[in-house]
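Enquirer: Under the working numbering, residues 3 to 264 are what the sequence shown spells out, in order. Can you read through this structure? Questions will come right after.
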Amino acid sequence: MGRPEGRLRLLVDLDGVLYRGTTILQGVAEFFAWAEAAGHSSLLVTNNSLRTQAEVSGNLRRMGLSVEPGGILTSAIATRAWLQAQAPEGARIQALGGSGLLQALFSPGSRFTPDWESPEWLVLGQDFDMTYQKLAAACIAVQNGARFVVTNPDTTLPTEAGLTPGAGAWQAVVTLVTGVQATVIGKPETGIFETALAMMPAEGAVVVIGDRLDTDILAGHRLGATTALVLTGVSTRADVDAYPVKPDYLFEDLPELVASWS
Numbered sequence: 003m004g005r006p007e008g009r010l011r012l013l014v015d016l017d018g019v020l021y022r023g024t025t026i027l028q029g030v031a032e033f034f035a036w037a038e039a040a041g042h043s044s045l046l047v048t049n050n051s052l053r054t055q056a057e058v059s060g061n062l063r064r065m066g067l068s069v070e071p072g073g074i075l076t077s078a079i080a081t082r083a084w085l086q087a088q089a090p091e092g093a094r095i096q097a098l099g100g101s102g103l104l105q106a107l108f109s110p111g112s113r114f115t116p117d118w119e120s121p122e123w124l125v126l127g128q129d130f131d132m133t134y135q136k137l138a139a140a141c142i143a144v145q146n147g148a149r150f151v152v153t154n155p156d157t158t159l160p161t162e163a164g165l166t167p168g169a170g171a172w173q174a175v176v177t178l179v180t181g182v183q184a185t186v187i188g189k190p191e192t193g194i195f196e197t198a199l200a201m202m203p204a205e206g207a208v209v210v211i212g213d214r215l216d217t218d219i220l221a222g223h224r225l226g227a228t229t230a231l232v233l234t235g236v237s238t239r240a241d242v243d244a245y246p247v248k249p250d251y252l253f254e255d256l257p258e259l260v261a262s263w264s
């Protein structure tokens, strides 16, 4: 397949594409320089709900990459947008997650109320401070009728040392205990990409760049976008061979993508 033609709207994943843990990956700065020079627009779209847009921007800056908060969409922000359309004013929410999710839902002026006693909604995101007690409370909330929402279904989170549990791992525990399936907001559902495209110019073919077949590439396929998988994160060539949904493009890393599409 030849390279995509014309100006592009690039929906770019973060973990496993731009960095692993706290280490920036090879060729990231050159990728953004290429995109800007070619007239492509880009938005960073992450299933990670741990941090606010400003915190993600700050982390990228410390790794040597300058991206404004407005150039980042997290699954926490997408979850808030979904809840604003679904939940009434003053809805009682039990939220498990990091500052990104908690600030998205409960910042000053929020229409939602935090509630761990009689929640109407359980919202589950990535939580580095997860405990047995938190998971038990989540299971009880769902058994008592709280609607179950998860920011993203990623079962793993890539780090320099290896794969660690993601929000999807906690989701699996709650579902195994309660038998209740969650409403998923992030990839592979397309809502997060639809929110992203509303933040971007209207012109240009949509290209999804990610490291996971089961989230990034599947969501791009469902959206009808061109998809590119880079092998710097979770999915491997063997995974590509076994997975039913194939990426349109397969690259070892971003430098190979830039070389192929320049």
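Here a beta-carbon is modelled for each residue, glycine too, at the ideal position from N, C-alpha and C. Predicted model, so just to flag it, every value in this text is computed and none were measured.
(1) Just mark Asp243 as buried or exposed, buried being the case when its beta carbon has 16 or more other beta carbons within 10 Å.
(2) Where do the N-terminal and C-terminal ends of the beta strand (DSSP E) with Trp123 fall, by residue?
(3) For Phe114, which residues in the same chain have their Cβ closer than 6 Å to its Cβ, ignoring the five residues on either side in sequence?
(4) To the nearest angstrom, how far is it from the Cα of Val151 to the Cα of Thr192?
(5) Can you tell me which of the three DSSP states Ile187 falls into?
(6) Would you tell me roughly how many angstroms separate the C-alpha atoms of Leu52 and Leu159, rounded to the nearest one?
(7) Straight-line CA distance for Ala31 to Pro167?
(8) In whole angstroms, give me the CA-to-CA distance for Ala140 and Ala80.
(9) Gly102 by DSSP, collapsed to three states: which one?
(10) Under the DSSP definition of a beta bridge, which residues are partnered with Leu256?
(11) Under 6 Å Cβ to Cβ from Glu119, same chain only, skipping five residues before and after it: list those, please.
(12) Inspect the CB distances between the segment 11-23 and the segment 225-236 and report whether three or more fall short of 8 Å.
(13) Starting from the C-beta of Leu2, find all residues in its chain whose C-beta is less than 6 Å away, skip the five residues before and the five after it, and write them out in chain order.
(14) With distances taken Cα to Cα, identify the nearest neighbour of Ala207 among Leu12, Gln105, Val182.
(15) Would Arg22 be called buried (16 or more neighbouring beta carbons within 10 Å of its own) or exposed?
(16) Where does the unbroken alpha helix (DSSP H) through Gly212 begin, and where does it stop?
(17) Hey, Thr157 and Gly102: beta-carbon distance below 8 Å or not?
(18) For Leu75 and Ile142, I'd like the C-alpha separation in whole angstroms.
(19) Assuming Pro203 and Ser68 form a contact by the criterion Cβ under 8 Å, report the distance between their Cβ atoms to the nearest whole angstrom.
(20) Leaving out the 5 sequence neighbours to the left and right, which residues in its chain are closer than 6 Å to Arg214 when beta-carbon positions are compared?
(21) Just the Cα atoms here: how many angstroms apart are Ile187 and Gly222?
(22) Tell me, which residues are paired with Glu110 by DSSP?
(23) Who are the near neighbours of Val260 in its chain, counting only those whose CB is closer than 8 Å to its CB and skipping five residues on each side?
(24) Would you check if the distance between the CB atom of Gly127 and the CB atom of Leu98 is smaller than 8 Å?
(25) Can you give the Cα-Cα distance for Pro116 and Arg64, rounded to whole angstroms?
(26) Check Pro224 in the structure and name its three-state DSSP category.
(27) Which residue marks the beginning of the alpha helix (DSSP H) containing Arg296, and which one marks its end?
(28) Here's the rule: buried if 16 or more other CB atoms are within 10 angstroms of the residue's CB, otherwise exposed. What is Asn154?
Expert: Reading from the atomic positions:
(1) Translated into the one-based positions of the sequence shown, residue 243 becomes position 241. Under this definition Asp243 is an exposed residue.
(2) Your numbering for residue 123 matches position 121 in the sequence shown. Looking at the DSSP string, the run of the beta strand (DSSP E) that includes Trp123 is 123-126.
(3) Position 112 of the sequence shown, counting from 1, holds the residue named residue 114. Correct list, in chain order: Ala93, Ile95, Leu107.
(4) To locate residue 151, count along the sequence shown from 1; it is residue 149. To locate residue 192, count along the sequence shown from 1; it is residue 190. Straight-line Cα distance between these residues: approximately 15 Å.
(5) The sequence position of residue 187 within the sequence shown is 185, counting from 1. Ile187 falls in the coil class under three-state DSSP.
(6) The sequence position of residue 52 within the sequence shown is 50, counting from 1. The sequence position of residue 159 within the sequence shown is 157, counting from 1. Rounded to the nearest angstrom, the two C-alpha atoms are 11 Å apart.
(7) Counting from one through the sequence shown, the residue named residue 31 turns up at place 29. Counting from one through the sequence shown, the residue named residue 167 turns up at place 165. So the alpha carbons of these two residues sit roughly 29 Å apart.
(8) Locating residue 140 in the sequence shown gives position 138, where the first residue counts as 1. Locating residue 80 in the sequence shown gives position 78, where the first residue counts as 1. Roughly 21 Å separates the two Cα atoms.
(9) The residue labelled residue 102 in the question sits at position 100 within the sequence shown. Helix at Gly102.
(10) By one-based count along the sequence shown, residue 256 stands at place 254. In DSSP, Leu256 forms no bridge with anything.
(11) Along the sequence shown, one-based indexing puts residue 119 at 117. Closer than 6 Å at the Cβ level, and outside the excluded window around Glu119, lies no residue.
(12) yes
(13) Any property of residue 2 remains undetermined from this structure, which presents the chain solely from 3 to 264.
(14) Locating residue 207 in the sequence shown gives position 205, counting from the first residue. The shortest Cα separation from Ala207 among Leu12, Gln105, Val182 belongs to Leu12.
(15) The residue you call residue 22 lines up with position 20 of the sequence shown. By the neighbour-count rule (16 or more Cβ atoms within 10 Å), Arg22 is buried.
(16) Residue mapping note: residue 212 aligns to position 210 of the sequence shown, counting from 1. It is not in any alpha helix (DSSP H) - Gly212 instead sits in the beta strand (DSSP E) that spans 207-212.
(17) Position 155 of the sequence shown, counted from the start, is the residue given in the question as residue 157. Position 100 of the sequence shown, counted from the start, is the residue given in the question as residue 102. For Thr157 and Gly102, no; Cβs fall outside 8 Å.
(18) One-based indexing of the sequence shown puts residue 75 at position 73. One-based indexing of the sequence shown puts residue 142 at position 140. Rounded to the nearest angstrom, the two C-alpha atoms are 31 Å apart.
(19) Residue mapping note: residue 203 aligns to position 201 of the sequence shown, counting from 1. Residue mapping note: residue 68 aligns to position 66 of the sequence shown, counting from 1. In fact, because the Cβ distance is near 20 Å, the residues do not count as touching under 8 Å.
(20) Position 212 of the sequence shown, counting from 1, holds the residue named residue 214. These residues qualify, in order along the chain: Val236, Ser237.
(21) In the sequence shown, the residue the question calls residue 187 occupies position 185. In the sequence shown, the residue the question calls residue 222 occupies position 220. Rounded to whole angstroms, Ile187 to Gly222 spans 14 Å at the Cα level.
(22) Locating residue 110 in the sequence shown gives position 108, where the first residue counts as 1. For the sequence presented, residue 110 should be read as Pro rather than Glu. Partner(s): none; Pro110 has no beta bridge.
(23) Counting from one through the sequence shown, the residue named residue 260 turns up at place 258. Gly29, Glu32, Phe33, Trp36, listed in sequence order.
(24) Taking the sequence shown and counting its residues from 1, one reaches residue 127 at position 125. Taking the sequence shown and counting its residues from 1, one reaches residue 98 at position 96. Closer than 8 Å, so yes.
(25) Along the sequence shown, one-based indexing puts residue 116 at 114. Along the sequence shown, one-based indexing puts residue 64 at 62. Those two C-alpha atoms are separated by around 32 Å.
(26) Here residue 224 refers to the residue found at position 222 when the sequence shown is read from its first residue. For clarity, residue 224 is Arg in the given sequence; the question names Pro instead. Looking at Arg224 - three-state DSSP - the assignment turns out to be helix.
(27) Outside the displayed span of the chain (3 to 264) sits residue 296, for which this structure offers no information.
(28) Here residue 154 refers to the residue found at position 152 when the sequence shown is read from its first residue. Asn154 should be labelled buried.
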